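One structure is given below, encoded as structure tokens.
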Amino acid sequence: CKRQPIVVNTWNFTNATIKAWDVVYRQQRSAIDAVEEGCSVCEVEQCDGSVGYGGSPSEEGETTLDGMIMDGKTMNVGAVAGLRYIKEAISVARHVLDYTKHTLLVGDQATEFAVKMGFQHQSLSTPNNEQIINDWKARNCQPNYWRNMLPSPETACGPYEKVSSSIQDIRVLSPPVDEHNHD
Amino acid sequence: TIGMIAIDGNGNVAAGTSTNGLTYKIPGRVGDSPIPGSGAYADNSVGGAVATGDGDVMMRFSASFLGVEFLRNGYTPQQAADMVIARIGKYYPENSAAIVVVDVDGNYGSACQIFSSFPVSIYYSELDEVKVETTRC
Numbered sequence: 459c460k461r462q463p464i465v466v467n468t469w470n471f472t473n474a475t476i477k478a479w480d481v482v483y484r485q486q487r488s489a490i491d492a493v494e495e496g497c498s499v500c501e502v503e504q505c506d507g508s509v510g511y512g513g514s515p516s517e518e519g520e521t522t523l524d525g526m527i528m529d530g531k532t533m534n535v536g537a538v539a540g541l542r543y544i545k546e547a548i549s550v551a552r553h554v555l556d557y558t559k560h561t562l563l564v565g566d567q568a569t570e571f572a573v574k575m576g577f578q579h580q581s582l583s584t585p586n587n588e589q590i591i592n593d594w595k596a597r598n599c600q601p602n603y604w605r606n607m608l609p610s611p612e613t614a615c616g617p618y619e620k621v622s623s624s625i626q627d628i629r630v631l632s633p634p635v636d637e638h639n640h641d
Numbered sequence: 716t717i718g719m720i721a722i723d724g725n726g727n728v729a730a731g732t733s734t735n736g737l738t739y740k741i742p743g744r745v746g747d748s749p750i751p752g753s754g755a756y757a758d759n760s761v762g763g764a765v766a767t768g769d770g771d772v773m774m775r776f777s778a779s780f781l782g783v784e785f786l787r788n789g790y791t792p793q794q795a796a797d798m799v800i801a802r803i804g805k806y807y808p809e810n811s812a813a814i815v816v817v818d819v820d821g822n823y824g825s826a827c828q829i830f831s832s833f834p835v836s837i838y839y840s841e842l843d844e845v846k847v848e849t850t851r852c
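Read top to bottom, the protein sequences are chains A and B. Going by my numbering, the first residue of the first sequence is number 459, and it counts up by one from there. Going by my numbering, the first residue of the second sequence is number 716, and it counts up by one from there.
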């Protein structure tokens with residue numbers, strides 16, 4: 459059946475859906491605006507801890523953000539990855555789309571781009587980050603994403619050193635990716 | 716991670732993602748979300764798709780691009796979503812994966828594995844309020 463316009467998003471992040479619907483239906487603006495503004499709601503609300511600042515810290519306790527936006531009319535894409543110190547990942551991605559001929563900017567240089575575009579440089583960490591990492595270290599850094607290292611990443615924290623190839627553990631054991639910890 | 720597909724009144728399709736990735740990641744690690752064709756893909760001629768789950772695995776299958784290509788080949792959104800998850804599951808049956816596929820007519824489908832369930836939030840003009848549909852994985 460014909461259902462235009464329409465907004466669909468992953469998970470029960472309904473405030474993001476409602477915002478995108480408002481943009482695309484009531485304001486009769488573009489799909490690309492709807493995606494940007496809808497996902498931005500989740501960045502502010504830190505949806506499920508898996509979007510926005512203050513969640514999913516790295517081993518070193520830092521939150522970095524990834525965002526991407528694709529225009530199906532032009533097949534143009536803007537994206538940022540490993541974005542540090544900027545809270546508005548999808549809006550920076552939108553700026554990559556609108557103001558550059560590139561597709562993907564990463565890391566500190568994506569941050570520099572964002573600052574040039576007027577975004578505020580600020581910490582993405584919260585006390586929650588520190589608590590998560592302290593708890594993880596108390597569990598001997600379990601789970602983690604290392605393999606074929608010594609001491610064994612399955613029982614101990616790093617720093618690690620590479621195991622010689624002759625005794626490599628070929629098992630691939632990944633930490634759990636679940637409803638609250640996902641890409 | 717949020718992945719979103721929108722189609723506007725002119726039939727234009729857009730898709731996007733935003734995430735802070737996986738907890739305890741090795742610094743510098745990036746998942747599938749910011750990779751075009753992996754975390755999201757959109758093409759006005761057929762529709763769009765967004766994926767979520769274990770990005771280290773999902774990016775190896777260009778999951779969203781694959782879903783849109785199945786639409787292009789004539790499959791329904793539900794068939795396309797099922798086929799993407801089947802493809803990933805063939806090689807990685809124990810990794811979390813989920814996908815939503817929407818065609819240009821506003822038909823949609825979702826599929827998942829390992830997650831206990833996968834809710835999807837939807838809004839279109841026949842609805843009085845946002846709707847959440849949950850797929851059992």
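In this text, a Cβ means the ideal position worked out from N, Cα and C, and glycines have one as well. Since we're looking at a predicted model, the values are computed, not measured.
{"query": "Which listed residue (B:Val816, B:Lys846, B:Val728) has its alpha carbon closest to that of Met642 of chain A", "result": "There is no way to answer for residue 642 of chain A, as the model of chain A reaches only from 459 to 641."}
{"query": "7 Å Cβ cutoff met for Gly565 of chain A and Gly540 of chain A", "result": "yes"}
{"query": "Through-space distance from Leu842 of chain B to Gly746 of chain B, alpha-carbon basis", "result": "34 Å"}
{"query": "Continuous beta strand (DSSP E) stretch holding Cys827 of chain B: start and end", "result": "823 to 828"}
{"query": "Whole-angstrom C-beta distance between Ala551 of chain A and Gly530 of chain A, which should lie under 8 Å", "result": "With 8 Å as the limit, Gly530 of chain A and Ala551 of chain A do not qualify as a contact, their Cβ atoms being about 15 Å apart."}
{"query": "Members of the region 779 to 798 of chain B that neighbour chain A once the beta carbon cut-off is set at 7 Å", "result": "none"}
{"query": "Cut-off 7 Å between Cβ atoms - residues of its own chain near Glu809 of chain B, not counting five sequence neighbours on either side", "result": "Ile829"}
{"query": "Short Cβ contact (7 Å threshold) for Ala730 of chain B with Ile717 of chain B", "result": "no"}
{"query": "Proximal residues of chain B, C-beta to C-beta of Asn606 of chain A below 9 Å", "result": "Within chain B, no residue comes near Asn606 of chain A; the closest Cβ sits about 13 Å away, beyond 9 Å."}
{"query": "Reduced DSSP secondary structure (H/G/I, E/B, other) of Phe776 of chain B", "result": "helix"}
{"query": "Contacts around Thr561 of chain A, its chain only, beta-carbon distance under 8 Å, and the 5 residues preceding and following it disregarded", "result": "Val535, Gly536, Ala537, Val554"}
{"query": "Val765 of chain B vs Thr521 of chain A beta-carbon contact at 7 Å", "result": "no"}
{"query": "C-beta contact flag for Val499 of chain A and Asn473 of chain A at 7 Å", "result": "yes"}
{"query": "Own chain residues within Cβ distance below 6 Å of Pro722 of chain B, not counting five before or after", "result": "Reading the sequence as shown, one finds Ile at residue 722 of chain B and not Pro. Only Val728 meet the Cβ criterion."}
{"query": "Chain B contact for Ser583 of chain A (CB, 7 Å cutoff)", "result": "no"}
{"query": "Minimum C-alpha distance to Ile814 of chain B - residue among B:Asn735, B:Gly770, B:Lys740", "result": "B:Gly770"}
{"query": "Residues near Pro515 of chain A in its chain [Cβ-Cβ closer than 8 Å; skip 5 each side]", "result": "Thr521, Ser583, Asn587, Ile590, Ile591"}
{"query": "Between the CA atoms of Gly724 of chain B and Gly649 of chain A - distance to the nearest angstrom", "result": "Since the first residue of chain A shown is 459 and the last is 641, residue 649 of chain A is not available in this structure."}
{"query": "Thr468 of chain A - DSSP class collapsed to helix/strand/coil", "result": "strand"}
{"query": "Residue interval of the alpha helix (DSSP H) (run including Tyr557 of chain A)", "result": "547 to 557"}
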